[in-house]
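Chemist: Here it is: the structure, laid out below.
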Amino acid sequence: MKRKGSFLSRIGIRIPLILWTLAVLYPIFWMFIGSFKSNAEIYANPWGLPRIFNFQNFSQAWTEYNIDTSVFNSLIVTVLGAVLTLVLAVPTSYALERMFFRGNRFLFTLYVSAMMIPTVLGWIPLFFLLMQLNLLDNIFGLAIVYAVSQLPFSIFVLSSFMGTIPRALEESAAIDGLSPYGVLWKIITPLSMTGIITVTIMNAIQFWNEYFMALIFLQSEENYTLALAIDYISNEAEYTNAWGTLFASLTIAIIPVIILYAIFQRRIAKGMTEGAIKG
Numbered sequence: 075m076k077r078k079g080s081f082l083s084r085i086g087i088r089i090p091l092i093l094w095t096l097a098v099l100y101p102i103f104w105m106f107i108g109s110f111k112s113n114a115e116i117y118a119n120p121w122g123l124p125r126i127f128n129f130q131n132f133s134q135a136w137t138e139y140n141i142d143t144s145v146f147n148s149l150i151v152t153v154l155g156a157v158l159t160l161v162l163a164v165p166t167s168y169a170l171e172r173m174f175f176r177g178n179r180f181l182f183t184l185y186v187s188a189m190m191i192p193t194v195l196g197w198i199p200l201f202f203l204l205m206q207l208n209l210l211d212n213i214f215g216l217a218i219v220y221a222v223s224q225l226p227f228s229i230f231v232l233s234s235f236m237g238t239i240p241r242a243l244e245e246s247a248a249i250d251g252l253s254p255y256g257v258l259w260k261i262i263t264p265l266s267m268t269g270i271i272t273v274t275i276m277n278a279i280q281f282w283n284e285y286f287m288a289l290i291f292l293q294s295e296e297n298y299t300l301a302l303a304i305d306y307i308s309n310e311a312e313y314t315n316a317w318g319t320l321f322a323s324l325t326i327a328i329i330p331v332i333i334l335y336a337i338f339q340r341r342i343a344k345g346m347t348e349g350a351i352k353g
């Protein structure tokens, strides 16, 4: 009876998960198949497989709709934003978690509470700030905004990791003559690498897919990120029937995210789990 009950419980858990997986994967599969179809095939048989796998839609998206430039812009914004976030978040997390000074807990609470504030409230002030700094319609300005917007989340996760590192290691390093900066970069940072990788991947995916801030702060087509370029193609598809090109653009956008997550899936899951257990 116990085995039968255990079997039924496993089935009861797996069936909803399988159904949910199919519901998530099917639109992605449909989009991928549609990227190889002509417009005639999409209208004639939208749910079927293409007769011939044609790469013309990818070529058209890459050249006529300047997806190549948008991919390059998104790559710059993502890499620069992720690196800048780490440069700011790692020492800040170390200072807030491992050093004791007046206002320490208040600052940490302030950073964490910033995660609860909707980012939409800062868009208008940021618009005028970037305008005054001559960073409006600039992908480097957008990367700075991205980095600052993800600081609270990054500090929260990294400080949780650093809080699990034994203080005896720091004390031993200090006795050996290592400065606080040396302790940070040679002791704390290597031991927090799982958290750093987790934060970097999560931020990179967020920056790669972000749309609204790019829409507000970028104005020139040559500075469009991939999300804005796809939105432009989506609007064009309504009048030019370039649905195959749209599907190809979406496929180009989603493949790097899937590959990145597939490679670091275990590290991300491990990082989020370990980061939730503090002290």
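Position one of the sequence shown corresponds to residue 75 (my numbering), numbered consecutively onward. By construction, the Cβ of each residue, glycine as well, lies at the ideal position given by its N, Cα and C atoms. As the structure is a computational prediction, the values presented were derived from the model and not from experiment.
Quick one: grab the DSSP three-state call for Q206.
Modeler: Q206: helix per DSSP, three-state reduction.
Chemist: Taking the straight line between their C-alpha atoms, what separation do you get for I304 and S323?
Modeler: Their backbone Cα atoms lie some 6 Å apart in a straight line.
Chemist: Grab the span of the alpha helix (DSSP H) containing G256 for me, first residue to last.
Modeler: Here the alpha helix (DSSP H) through G256 covers P254 to V257.
Chemist: What are the start and end residues of each continuous alpha helix (DSSP H) run of 4 or more residues lying completely inside the region 209–296, in chain order?
Modeler: Correct list: 213–223, 225–236, 241–249, 254–257, 267–283 and 286–291.
Chemist: Could you spell out where the alpha helix (DSSP H) holding P192 opens and where it closes?
Modeler: Neither: P192 is in no alpha helix (DSSP H) and is coded neither H nor E.
Chemist: Note down the Cα distance separating M205 from Y185, rounded to an integer number of angstroms.
Modeler: Taking the straight line joining both Cα atoms gives about 26 Å.
Chemist: If you measure between the beta carbons of I290 and F201, is that distance less than 8 Å?
Modeler: Their beta carbons are under 8 Å apart, which means I290 touches F201 by this criterion.
Chemist: How close, in whole Å, do the beta carbons of T24 and A278 come, if the pair is a contact with beta carbons under 8 Å?
Modeler: The displayed coordinates of the chain run from 75 to 353. Any statement about residue 24 would go beyond what the structure contains.
Chemist: Which residue marks the beginning of the alpha helix (DSSP H) containing Y313, and which one marks its end?
Modeler: Per DSSP, Y313 belongs to the alpha helix (DSSP H) from L300 to T314.
Chemist: So, with DSSP's three-state summary, where would you put R340?
Modeler: In the structure shown, R340 sits in a helix (DSSP, three-state: H, G or I).
Chemist: Quick check: I249 and L265, are their CB atoms within less than 8 Å of each other?
Modeler: Against a cut-off of 8 Å, the Cβ pair of L265 and I249 comes out as no contact.
Chemist: Sorted by chain position, which residues of the same chain lie with C-beta nearer than 6 Å to A247's C-beta, five sequence neighbours on each side aside?
Modeler: Excluding residues within five positions, the ones whose Cβ falls inside 6 Å are V257 and I261.
Chemist: Taking contact to mean at least 3 C-beta pairs separated by less than 8 Å, is the region 314–331 in contact with the region 121–137?
Modeler: Yes, the region 314–331 touches the region 121–137.
Chemist: So, under 8 Å CB-CB, S148 and N131 are touching, yes? Tell me the CB distance rounded to an integer number of Å.
Modeler: 20 Å between Cβ atoms; not a contact.
Chemist: Ordered along the chain, which non-local residues of its own chain (more than five positions away) have a Cβ less than 7 Å from that of M236?
Modeler: Within the same chain, M236 has close Cβ partners S167, Y168, E171, R172, I262 and S266.
Chemist: Could you give the DSSP three-state label for M173: helix, strand or coil?
Modeler: Residue state, collapsed to three classes: coil.
Chemist: Using only the alpha-carbon positions, how far apart do P226 and I85 sit?
Modeler: So the two alpha carbons sit approximately 40 Å from each other.
Chemist: Does the separation of the CB atoms of V145 and L292 fall below 8 Å?
Modeler: No, the pair does not count as a contact, with Cβ atoms beyond the cut-off.
Chemist: Put I85 into one of helix, strand or coil per three-state DSSP.
Modeler: It is helical.
Chemist: Is G318 helix, strand or coil when you go by DSSP?
Modeler: Looking at G318 - three-state DSSP - the assignment turns out to be helix.
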